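One structure below.
2 protein chains.
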Amino acid sequence: MIALLGSQLIGSRTSREGEDVLHGVDPATGKVLQPAFNVATHDEVDRAVKKAEDVAAQFSRMSGVIRARFLRRIADEIEALGADLIERAVAETSLPEVRITGERGRTCAQLRMFADEVEEGSWVDARIDLAQPDRSPLPKPDIRRMLVGLGPVGVFGASNFPLAFSVGGGDTASALAAGCPVVCKSHPSHPGTSELVGRAIIKAAVGEGMPDGVFSLVQGGVEVGEWLVQHRGIKAVGFTGSLRGGRALYDMASRRAEPIPVFAEMGSVNPVFVLPGALAGHVDAVATGYATSLMMGVGQFCTNPGILVGIAGDDFDQMVGSIADHVRGADPGVMLNRGICDNYSMLITERGRHDAVKIEGMGNGSSSGLASGVVFSTSAAEFLVDQSLQAEVFGPAALIVRCLNQEEMLAVVGVLEGQLTGTILMGEGDDDLGRQIHGRLVNRVGRVIFNGYPTGVEVCDAMQHGGPYPATSDSRFTSVGRSALLRWARPVAWQGAPQGILPEELRDGNPRGIWRRVDSVMGRE
Amino acid sequence: MIALLGSQLIGSRTSREGEDVLHGVDPATGKVLQPAFNVATHDEVDRAVKKAEDVAAQFSRMSGVIRARFLRRIADEIEALGADLIERAVAETSLPEVRITGERGRTCAQLRMFADEVEEGSWVDARIDLAQPDRSPLPKPDIRRMLVGLGPVGVFGASNFPLAFSVGGGDTASALAAGCPVVCKSHPSHPGTSELVGRAIIKAAVGEGMPDGVFSLVQGGVEVGEWLVQHRGIKAVGFTGSLRGGRALYDMASRRAEPIPVFAEMGSVNPVFVLPGALAGHVDAVATGYATSLMMGVGQFCTNPGILVGIAGDDFDQMVGSIADHVRGADPGVMLNRGICDNYSMLITERGRHDAVKIEGMGNGSSSGLASGVVFSTSAAEFLVDQSLQAEVFGPAALIVRCLNQEEMLAVVGVLEGQLTGTILMGEGDDDLGRQIHGRLVNRVGRVIFNGYPTGVEVCDAMQHGGPYPATSDSRFTSVGRSALLRWARPVAWQGAPQGILPEELRDGNPRGIWRRVDSVMGRE
Numbered sequence: 017m018i019a020l021l022g023s024q025l026i027g028s029r030t031s032r033e034g035e036d037v038l039h040g041v042d043p044a045t046g047k048v049l050q051p052a053f054n055v056a057t058h059d060e061v062d063r064a065v066k067k068a069e070d071v072a073a074q075f076s077r078m079s080g081v082i083r084a085r086f087l088r089r090i091a092d093e094i095e096a097l098g099a100d101l102i103e104r105a106v107a108e109t110s111l112p113e114v115r116i117t118g119e120r121g122r123t124c125a126q127l128r129m130f131a132d133e134v135e136e137g138s139w140v141d142a143r144i145d146l147a148q149p150d151r152s153p154l155p156k157p158d159i160r161r162m163l164v165g166l167g168p169v170g171v172f173g174a175s176n177f178p179l180a181f182s183v184g185g186g187d188t189a190s191a192l193a194a195g196c197p198v199v200c201k202s203h204p205s206h207p208g209t210s211e212l213v214g215r216a217i218i219k220a221a222v223g224e225g226m227p228d229g230v231f232s233l234v235q236g237g238v239e240v241g242e243w244l245v246q247h248r249g250i251k252a253v254g255f256t257g258s259l260r261g262g263r264a265l266y267d268m269a270s271r272r273a274e275p276i277p278v279f280a281e282m283g284s285v286n287p288v289f290v291l292p293g294a295l296a297g298h299v300d301a302v303a304t305g306y307a308t309s310l311m312m313g314v315g316q317f318c319t320n321p322g323i324l325v326g327i328a329g330d331d332f333d334q335m336v337g338s339i340a341d342h343v344r345g346a347d348p349g350v351m352l353n354r355g356i357c358d359n360y361s362m363l364i365t366e367r368g369r370h371d372a373v374k375i376e377g378m379g380n381g382s383s384s385g386l387a388s389g390v391v392f393s394t395s396a397a398e399f400l401v402d403q404s405l406q407a408e409v410f411g412p413a414a415l416i417v418r419c420l421n422q423e424e425m426l427a428v429v430g431v432l433e434g435q436l437t438g439t440i441l442m443g444e445g446d447d448d449l450g451r452q453i454h455g456r457l458v459n460r461v462g463r464v465i466f467n468g469y470p471t472g473v474e475v476c477d478a479m480q481h482g483g484p485y486p487a488t489s490d491s492r493f494t495s496v497g498r499s500a501l502l503r504w505a506r507p508v509a510w511q512g513a514p515q516g517i518l519p520e521e522l523r524d525g526n527p528r529g530i531w532r533r534v535d536s537v538m539g540r541e
Numbered sequence: 017m018i019a020l021l022g023s024q025l026i027g028s029r030t031s032r033e034g035e036d037v038l039h040g041v042d043p044a045t046g047k048v049l050q051p052a053f054n055v056a057t058h059d060e061v062d063r064a065v066k067k068a069e070d071v072a073a074q075f076s077r078m079s080g081v082i083r084a085r086f087l088r089r090i091a092d093e094i095e096a097l098g099a100d101l102i103e104r105a106v107a108e109t110s111l112p113e114v115r116i117t118g119e120r121g122r123t124c125a126q127l128r129m130f131a132d133e134v135e136e137g138s139w140v141d142a143r144i145d146l147a148q149p150d151r152s153p154l155p156k157p158d159i160r161r162m163l164v165g166l167g168p169v170g171v172f173g174a175s176n177f178p179l180a181f182s183v184g185g186g187d188t189a190s191a192l193a194a195g196c197p198v199v200c201k202s203h204p205s206h207p208g209t210s211e212l213v214g215r216a217i218i219k220a221a222v223g224e225g226m227p228d229g230v231f232s233l234v235q236g237g238v239e240v241g242e243w244l245v246q247h248r249g250i251k252a253v254g255f256t257g258s259l260r261g262g263r264a265l266y267d268m269a270s271r272r273a274e275p276i277p278v279f280a281e282m283g284s285v286n287p288v289f290v291l292p293g294a295l296a297g298h299v300d301a302v303a304t305g306y307a308t309s310l311m312m313g314v315g316q317f318c319t320n321p322g323i324l325v326g327i328a329g330d331d332f333d334q335m336v337g338s339i340a341d342h343v344r345g346a347d348p349g350v351m352l353n354r355g356i357c358d359n360y361s362m363l364i365t366e367r368g369r370h371d372a373v374k375i376e377g378m379g380n381g382s383s384s385g386l387a388s389g390v391v392f393s394t395s396a397a398e399f400l401v402d403q404s405l406q407a408e409v410f411g412p413a414a415l416i417v418r419c420l421n422q423e424e425m426l427a428v429v430g431v432l433e434g435q436l437t438g439t440i441l442m443g444e445g446d447d448d449l450g451r452q453i454h455g456r457l458v459n460r461v462g463r464v465i466f467n468g469y470p471t472g473v474e475v476c477d478a479m480q481h482g483g484p485y486p487a488t489s490d491s492r493f494t495s496v497g498r499s500a501l502l503r504w505a506r507p508v509a510w511q512g513a514p515q516g517i518l519p520e521e522l523r524d525g526n527p528r529g530i531w532r533r534v535d536s537v538m539g540r541e
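The listed protein sequences correspond, in order, to chains W and P.
Under my numbering, think of the first position of the first sequence as 17, with each following residue one higher.
Under my numbering, think of the first position of the second sequence as 17, with each following residue one higher.
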């Protein structure tokens, strides 16, 4: 087993200046895990950011080919951690080994995907307007424009994906890909996993000759996060977590003397609309499909389908009964940490007491650290007037909304807050209603799913993992998929610049062979 | 002469509910112009936004081909206003007729450029990942993604470009192009010009069968602007103006229950670095070039070159003397309104009293409404320690920064705040210094200009009119050029969607013939 250091990783140096410590905790047993991790001091955060600032320009100017090599090396180094990483992550999160192994695969595939993207190079959206010295009344200058990295990015590790959305996850991978140094604050519920991945990244940086400071890892809680967001050297922030946490970071960043963009992926209840044709003859399949998506990972996915909307009738009642049976029959699961589990217990107790909410089914007893699924139901009439019923319950809790007719179902779409996803299950005879629901739903979500379920976010070019507030703090970007790196880049134009000063991507003859727009015409000559 | 109504334009209806009025004022004479314009009430703003909300989905779904027709029709209708528009704009701004005529050309060219962009259609950044039903361990779903309009946009007319950055200017044109309805608040210093252009837009909307509410115009000041930004139906804001005004709107938008993006183009001093080789044998040309850019439009351009940095020596002294001569010899000019002129007077008086600032030259007497140019100088040593010397003085005021050597010049770049532009004038022997200055400058600006001047912002594909704060509130976007419409759009992904539900841009066979990435490979088959 690799010995854990319990220190900050400030570029290639370790540092343990503070007196406060934190520990990983086994969420299943409540047992404190060793070693203790030093909480970063203000000075340590400051040094990490300053190191990042010092190398930002150099790193941003490096060729995408070189950054691609760095990203691939990170994936290799994470894989090289072998069983030690898997064991520690299982111990700190109680997620099953098979899930952690899968997540490691996703994390490394993601790093290699961004490597491919920046090696290919067209992501910089190069645009060239050639000079027209003879244009009348005024000559047109030569102007060339492309995206460059914003500068140091502050990344917050997320609790629910200790690898794929944490230290070496999508935010770090996409920021490094875009040419931005990263200072990451680990999530305090998996400090050991964070340190192992952080060391792999730094090993890769040293191995590939990256400038020292291109990546740092600090351990800590809310206060350390605040120092990071408020540091004038940080130029953007990536976060995945609760609405409360994300909004607090967004507010802090907006109030800085120099406000900075925050991409916070926050709350979402991911409504599923079951149309009558989808149920006809398929009640069991729908109930099983929905319940499986709901219970997956103890309901701790951003795309967990927390709301199911259907039209009252025999099929509907049968579906509700079958979903309730599934949930009742499922074993309780260990949640990611005690805080999340206590919060879940509190929220389902509260919801169960709501006058307009009925409990359709509930798993067997949640003991400490363990959570069971629960199926609530309410009427569309109530849902339409009480916005609190839309609040996310992070965990395996469903709220089934019973509509009396199609009009009520359409009205339900109309009151929805912003969501990461919206799902339409439709079958024969549903074309017209499906089209109408889609027309309203598409304005409220980042991704519309037909006859599938929202969990299982594909990491690919066309993925949109984002959506109108409160799903995220900026619906114009995604945190999953190739275009996630656009969050960390800004356009720069060069006017009349000598060839030797221009980045390769903008030079005559297109030496990088990328897709560019020359006088507004796409090509790669 | 077209009779002005003095009312709000709420979609195709006019409305005059309020009791407060405002007037245009001739900035040269201080004479109040007729008629009175009703200031919008809260209810009128509310109705305008609600109309925009009602049609947002329909407008966003319309083909780019149809929106292109609408944009071109707006340009035609603005041109059809003929001399009435020119006369009114000259009366309200005191800008010369030739400038207003030129600006009308720029405004209409801009509308037609966005028409071309959305008619061609590739701007939506379509990405398609085809299904792989046999992929193991899990099948890959079909996912398709493109950009769609954000929803209603609030646009603030700017005072300094009564056509090109006002009611029918770049923000409105790009938002309509992206499929977003616009509610525009006119700038109170040119209400008549605003009404004429607003009516042209509405005439175009009616003529092209656009849904009623796709454009509204409200008249008023700060309070009306606040209602607009705080209305929950507004999904983004475009603004060009002062740092104070832009920051106030940004803060307001960030504090909403649902925060929205604000693109505010604010202050910039657009530093110019004169390297020794550029001066050698060309002192007069540099002095004339700089002074012309400085004095252009009475210094009221966002890209006005307010700071000139050079290295002390005979050539430098001669250049300063020559710039001072130019400025002393120039006639005073009428500023856009009395408020701007009073502010300019106050700021130059203040700067002239600064201990470390010397007055090198000053035009003949600024009387009320009229402004003269002024050339201040200071040392790099002072500039490096006193950030107040970087503050924008909106008008024809230059601050010349005298460096003792190259190291000081590099240090000056290092303390600069975010800028729209930075300019490097270089000649023989300047390669090394030019490269070093560029290396630092590029991190602080949106556009780097070599051997030219920042004024005269080309409207083209490669233009970047934006930059790090405080130049704008979001350096990731531009307010000029084809990609300005990206400010108003967000990606949506469709997973497993039937062909009939997908937007044309994402259907099999690529019926729109646009550039798309299919399985990450660019093409337009």
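Where is the CB? At the ideal position from N, CA and C, for every residue including glycine.
Since we're looking at a predicted model, the values are computed, not measured.
Delimiting residues of the alpha helix (DSSP H) encompassing residue i
i	result
Q403 of chain W	Counting along the chain, Q403 of chain W falls outside any alpha helix (DSSP H), and DSSP gives it neither H nor E.
V164 of chain W	Counting along the chain, V164 of chain W falls outside any alpha helix (DSSP H), though it belongs to the beta strand (DSSP E) covering 159-165.
E423 of chain W	422-431
W243 of chain P	238-246
P207 of chain P	207-223
Test: residue i CB closer than 9 Å to a CB of chain P
i	result
Y266 of chain W	yes
S205 of chain W	no
N54 of chain W	no
L179 of chain W	no
F493 of chain W	yes
Closer than 9 Å to chain W by CB, residue i
i	result
Q515 of chain P	no
R128 of chain P	no
K156 of chain P	yes
I18 of chain P	no
S79 of chain P	no
Continuous beta strand (DSSP E) stretch holding residue i: start and end
i	result
V171 of chain P	169-172
P507 of chain P	505-511
Amino acids of chain W, ordered along the chain, whose beta-carbon sits closer than 7 Å to that of residue i
i	result
H454 of chain P	I517
N467 of chain P	G512
Amino acids of chain P, ordered along the chain, whose beta-carbon sits closer than 8 Å to that of residue i
i	result
A509 of chain W	G462, R463, V464, A478, M479, Q480
As assigned by DSSP and simplified to three states, the class of residue i
i	result
M378 of chain P	strand
K251 of chain P	coil
D333 of chain W	helix
L449 of chain P	helix
Other residues of its chain near residue i: CB distance less than 6 Å, five sequence neighbours each side excluded
i	result
E140 of chain P	The residue you asked about is not Glu; residue 140 of chain P is Val in the sequence shown. Excluding positions up to five away in sequence, the list reads M162, L163, E521.
F181 of chain W	A174, T256
H481 of chain W	V473, T494, S495, V496
M311 of chain W	A346, G389, P412
T57 of chain P	E33, G34
L205 of chain W	Per the sequence shown, residue 205 of chain W should be read as Ser rather than Leu. For S205 of chain W, where only same-chain residues beyond five positions count, the Cβ hits under 6 Å are S175, N353.
I159 of chain W	D145, A509, Q511
Where residue i meets chain P, residues with beta-carbon distance less than 9 Å
i	result
A73 of chain W	G455, R456, V458, N459
Proximal residues to residue i (C-beta, below 7 Å), its chain only, five neighbours per side dropped
i	result
A280 of chain P	F255, G262, L265, Y266, T488, S489
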